[in-house]
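In my numbering, the protein residues as written are 3 to 92.
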């Protein structure tokens, strides 16, 4: 049984329409497995050709790390903003 007990729905906005999302997706897939696990990820159209990445990441609330992961993603080239849009217990 997994020790993940929280799912965080993160909305990741690229810097602009020209920003390729594939490199960001690959980096999300490589986030440290001891801190979080990728559950799902998809591109969602926002407006005027801009697409956001919506990622559901699993965490353990006792171990923490969600804020660190959010800040890490925010620091990546091509990422304008990372918002935790929803947080639920599993």
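Each residue gets a CB set at the ideal place from its N, CA and C atoms; glycine is no exception.
Distance CB(residue 60)-CB(residue 41) smaller than 8 Å: Counting from 1 along the chain shown, the entry for residue 60 is found at position 58. Counting from 1 along the chain shown, the entry for residue 41 is found at position 39. In this structure, residue 41 lies closer than 8 Å to residue 60 by Cβ.
Taking all protein chains shown into account, do 16 or more other C-beta atoms lie within 10 angstroms of the C-beta of residue 48, making it buried, or fewer, making it exposed? Stepping through the chain shown from its first residue, residue 48 is reached at position 46. Taking all protein chains in view, the Cβ of residue 48 is surrounded by fewer than 16 other Cβ atoms within 10 Å, so the residue is classified as exposed.
Report the partner residues of residue 90 according to the DSSP bridge assignment. Taking the chain shown and counting its residues from 1, one reaches residue 90 at position 88. In the DSSP secondary-structure assignment, residue 90 is bridged to 9.
Simplified DSSP state of residue 65, which is helix, strand or coil: One-based indexing of the chain shown puts residue 65 at position 63. Here residue 65 sits in coil by DSSP.
Going by CA-CA distance only, name the one from 43, 17, 7 and 38 that's closest to residue 80. Numbered from 1 along the chain shown, position 78 holds the residue referred to as residue 80. Selected option, being the one with the closest Cα: 17.
Which residue from 58, 30, 19 and 73 puts its Cα closest to that of residue 51? Translated into positions along the chain shown, residue 51 becomes position 49. The shortest C-alpha separation from residue 51 is found at 19.
Look at the alpha carbon of residue 10 and the alpha carbon of residue 56, and state the distance between them as a whole number of angstroms. Residue 10 sits at position 8 when you count from the first residue of the chain shown. Residue 56 sits at position 54 when you count from the first residue of the chain shown. Residue 10 and residue 56 have their C-alpha atoms spaced approximately 10 Å apart.
Pick out whichever of 4, 53, 21 and 58 has its Cα sitting closest to the Cα of residue 30. Locating residue 30 in the chain shown gives position 28, counting from the first residue. Residue 58 is the option with its Cα nearest to residue 30.
I need the straight-line Cα distance from residue 62 to residue 89, nearest angstrom please. As a position in the chain shown, residue 62 is number 60, starting the count at 1. As a position in the chain shown, residue 89 is number 87, starting the count at 1. Cα atoms of residue 62 and residue 89: separation of roughly 12 Å, rounded to the nearest angstrom.
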